[in-house]
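Asks: There's a structure below that I have some questions on.
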Amino acid sequence: MNRFWLVLRRTVGRWFGVVVVGLVVLAAVGGWATYTGHVDPGTHTERETVAAWSPTDTVRHSARVTKLNPVFPRNVTLENRSAYLTRASPRFRAQFAPGYTATDDGNVTTTVVLSVVRRAVVTGEGPGADEQTLWQTERRLRTERGRLAPGEQLSAETELNATRLDGETDALVASLGGSPGEVYTEVRAEIRLVGTVADRPVETTWTRRLRVEVADGVYRLTPVGATPGGREWTRTVVVPNDPGLPRQVGGPVALLVGLAGLAVAVVGRRAGAFRLDPVESEWLAYRSDASEFGEWVIDAEVPRTLTDGTVAEANSLSDLVDLAIDADEAVLRGDTGDYFVRYGEVVYVYSPPEPEVVRARGGFDLGDGLPSVGLSGTNDEQADGRASRADGGGAGATPSFEETTTDGDLEEELRDSDSDEELRDSDPDEELRDGHPDDGDTTVDPSERSNGDPTDADAEDEPDTTWEGEPGDEGDEERS
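Take a look at the structure:
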């Protein structure tokens, strides 16, 4: 288990109530989504189209070249051009083709009345003003009528001379002595549709125009007007709701996650899985300090002589960094993973939690996200200190230290003890009986030393030596 799961356990333990409420809400939402997505999705009303129809029309025009010219050959038909030459093709053909579309069968009678209309139009003042017709003349040309099914069209055509129409218009205006406004010459088609569609009666009328404008040796044909809209017949129907894939899949997933999370939370709370022991808490504090104060730490090969003087042990890495800041020193990390700071005559040490101890108690990987350091080569004093801190020491406490005996003093005491034991093992009387001192190693059976006084050997033992005093006060030594 890595640091993420350890932090997750601590977070769930601190915010257990909030986590439970969130899981309950998630399970409730998932249950509602599952019910509405699979059991009862519900219904809604829609408007369904029963039948529909829509009028259509098409306006086309063309002109056939009848005069010799250097541009177009004779008898060529030009269609739907923006302009035609009055000298090369003075006559044009206008075609109006109304019809309709429907969703069902229909029977509609279509009538088209073609006329030539001349009118004078004055537009009122201001934006959006309507046109006002001053005068109008009409000459009917022809009428077309027929029965149409959906999709069919009735074609009504006529052929006229553009230059002749323009001349007649000029003569009419001259006979009136002039005319205000705009004078238009148009081919008009009055269209009427009457019949039934899907056994429902329909009727509509509209007007389309093809405006003729002659100027500078050309004439232009411009369609004017629009086709009216159609009609739909609808009914109200009730249709089931479509819950959609997110609700059908996400609902069961949310319900399962919510219920499973609640079960895990309750069982884990009762089993104490969300409570961190002191070792785990210290490890998290150490991980946080190592990440926060990494810039103060320098990996170095720490000499053994660094701890020959007075040594004090810090309770956390943050305390050691505070001391380093006060002393304006860097924090050294040795091969054993311990951290050192020299402050005056005292060397402060912080030993991180033992990975083996934490693995055994917490069951997670301590190496996740941390610099790797060697775990071998630790001395006995550092191992004893880390073990004692793992059993009860807490991170974040006030830095504490205790004075310890240096390695040089310990070796001297061991040599003194060995010398005393050799003196106790030797027998002076036996050496005198042999007539010469013992030049080599002699093993004496303890049973042969029955005449010896055991109190004499005990008296010759040199008592143990301990050092007491305040840190840094090396002159005040007292032998007990």
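All residue numbers for the sequence shown refer to my numbering, where the first residue is -14 and numbers rise by one.
Glycine included, C-beta positions come from ideal geometry on N, C-alpha and C.
(1) State buried or exposed for N92, treating a residue as buried only when at least 16 other CB atoms are found within 10 Å of its CB.
(2) Report yes or no: do three or more beta-carbon pairs, one from the stretch 112 to 129 and one from the stretch 89 to 104, lie closer than 8 Å?
(3) Are S100 and E123 touching if we call contact CB-CB under 8 Å?
(4) Taking the DSSP output, what are the residues bridged to I310?
(5) Which same chain residues, not among the five before or five after R76, have their C-beta less than 8 Å away from its C-beta?
(6) Classify F325 as helix, strand or coil using the three-state DSSP reduction.
(7) On the criterion of 16 or more Cβ atoms from any shown chain inside 10 Å, does W0 qualify as buried, or is it exposed?
(8) Please name the residue in A12, D262, T21 and A211 whose C-alpha comes closest to that of G(-2).
(9) Give the secondary structure of L241 by DSSP, where H, G and I count as helix, E and B as strand, and everything else as coil.
(10) The ligand SAM and G329: does the residue's C-beta get closer than 7 Å to at least one heavy atom of that ligand?
(11) Looking at the unbroken alpha helix (DSSP H) that takes in V157, where does it start and where does it end?
(12) Measure the alpha-carbon distance for L305 versus G279 and round it to whole angstroms.
(13) May I have the straight-line CA-CA distance separating T212 from G235, to the nearest angstrom?
(14) Hey, quick one: how far does the alpha helix (DSSP H) through A73 stretch, first residue to last?
(15) Nearest chain B C-beta to L133 closer than 8 Å, yes or no?
(16) Are A256 and S301 touching if we call contact CB-CB under 8 Å?
(17) Relative to the C-alpha of E137, which residue among L178, T108 and G162 is closest?
(18) Kindly indicate which three-state DSSP category D304 falls into: helix, strand or coil?
(19) Just how far apart, CA to CA, sit V227 and P26?
(20) Using a Cβ-Cβ cut-off of 8 Å (strictly less than) and excluding sequence neighbours within five positions of A478, which residues of its own chain qualify?
(21) With DSSP as the reference, identify every bridge partner of G16, one or two as the case may be.
(22) Short of 6 Å in beta carbon distance, which residues of its chain neighbour R127, apart from the five on each side in sequence? Order them along the chain.
(23) Which full runs of the beta strand (DSSP E) of 3+ residues lie inside the stretch 55 to 111, going along the chain?
(24) Buried or exposed, going by whether 16 or more other CB atoms sit within 10 Å of the CB of D293?
(25) When DSSP labels each residue in this structure, what does E265 get in the three-state scheme?
(26) With distances taken between CB atoms, is the gap from Y324 to L308 smaller than 8 Å?
(27) Can you list, in chain order, the residues of its chain with a C-beta nearer than 6 Å to that of T88? Leave out the 5 residues immediately preceding and following it.
(28) Considering only C-alpha positions, which residue in the set A299, T21, L63 and L70 is nearest to V466?
(29) Counting Cβ pairs, one atom from each stretch, are 3 or more of them under 8 Å apart for the stretch 217 to 225 and the stretch 244 to 259?
(30) For the putative contact between R72 and N54, defined by C-beta atoms under 8 Å, what is the C-beta separation to the nearest angstrom?
(31) Could you give the distance in angstroms between the alpha-carbon of D151 and the alpha-carbon of V199?
(32) Going by C-alpha distance, which of T321, L317 and V6 is nearest Y328?
(33) Which stretch, first to last residue, makes up the alpha helix (DSSP H) that contains L(-7)?
(34) Mapping the DSSP letters down to three states, classify P477 as helix, strand or coil.
(35) Could you tell me if S336 is buried or exposed, where buried requires 16 or more neighbouring beta carbons within 10 angstroms of its beta carbon?
(36) Please state the DSSP three-state secondary structure of A285.
Replies: Considering the structure as presented:
(1) exposed
(2) yes
(3) yes
(4) Beta-bridge pairing links I310 to no other residue.
(5) A48, R49, T51, E144, L145, N146 and A147
(6) strand
(7) exposed
(8) D262
(9) helix
(10) Judged by which ligands are present, the structure shown has none, so any question about the ligand SAM falls away.
(11) A small fix is needed here, since residue 157 is Leu in this sequence, not Val. Per DSSP, L157 belongs to the alpha helix (DSSP H) from A147 to S160.
(12) 12 Å
(13) 50 Å
(14) Segment: none, A73 is in no alpha helix (DSSP H) and carries neither H nor E.
(15) No chain B is present in this structure, which holds just one protein chain.
(16) no
(17) L178
(18) helix
(19) With the sequence shown as reference, residue 227 is identified as Asp, and Val is not the correct amino acid for it. Rounded to whole angstroms, D227 to P26 spans 7 Å at the Cα level.
(20) It is not possible to answer for residue 478, since the shown part of the chain is limited to -14 through 465.
(21) G16 is not bridged to any residue.
(22) L99
(23) 62 to 64, 76 to 87 and 91 to 108
(24) exposed
(25) helix
(26) no
(27) A36 and A37
(28) This structure cannot settle anything about residue 466, because the visible part of the chain is limited to -14 through 465.
(29) no
(30) 7 Å
(31) 7 Å
(32) L317
(33) R(-12) to R(-1)
(34) The requested residue 477 is not part of the displayed model; the chain covers only -14 to 465.
(35) buried
(36) coil
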